[in-house]
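Under the numbering used here, the residue at position 5 of the sequence shown is numbered 900, and the numbers go up by one with no gaps.
Built from N, CA and C at the ideal position, the CB exists for glycine as well.
What follows is a set of notes on a single structure, which appears directly below.
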Amino acid sequence: MTPRPLLLIAALAALVACTSPRLNAGLSLGADGLTVTPSVSAGLGGGRISYSP
Numbered sequence: 896m897t898p899r900p901l902l903l904i905a906a907l908a909a910l911v912a913c914t915s916p917r918l919n920a921g922l923s924l925g926a927d928g929l930t931v932t933p934s935v936s937a938g939l940g941g942g943r944i945s946y947s948p
């Protein structure tokens, strides 16, 4: 298998283990205009993890 399908399988397995997954979009308005910062968060093992690229 190539790495891409393995990564997809690992991501799906992690998603199943998570509770309350959320997709967020942080909006900010500044001198450069409107900026959107996406993030993903989920509950895992009693805590909450989040990722923002």
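Taking the DSSP output, what are the residues bridged to residue i?
| i | result |
| --- | --- |
| Ile-944 | Ala-937 |
| Ser-923 | Thr-930 |
| Leu-879 | Residue 879 cannot be examined here, being either before or after the span of the chain that is shown, 896 to 948. |
Return the CA-CA distance between residue i and residue j, expressed in angstroms with no decimal places.
| i | j | result |
| --- | --- | --- |
| Ile-904 | Asn-919 | 23 Å |
| Leu-922 | Gly-938 | 23 Å |
| Leu-902 | Ala-908 | 10 Å |
Following a CB-centred definition, is residue i positioned closer than 7 Å to any heavy atom of the ligand GDP?
| i | result |
| --- | --- |
| Leu-939 | This structure does not include the ligand GDP; it has no bound ligands of any sort. |
Nearest to residue i by CA position, among the options, is which residue?
| i | options | result |
| --- | --- | --- |
| Val-931 | Ser-915, Arg-917, Pro-948, Gly-942 | Pro-948 |
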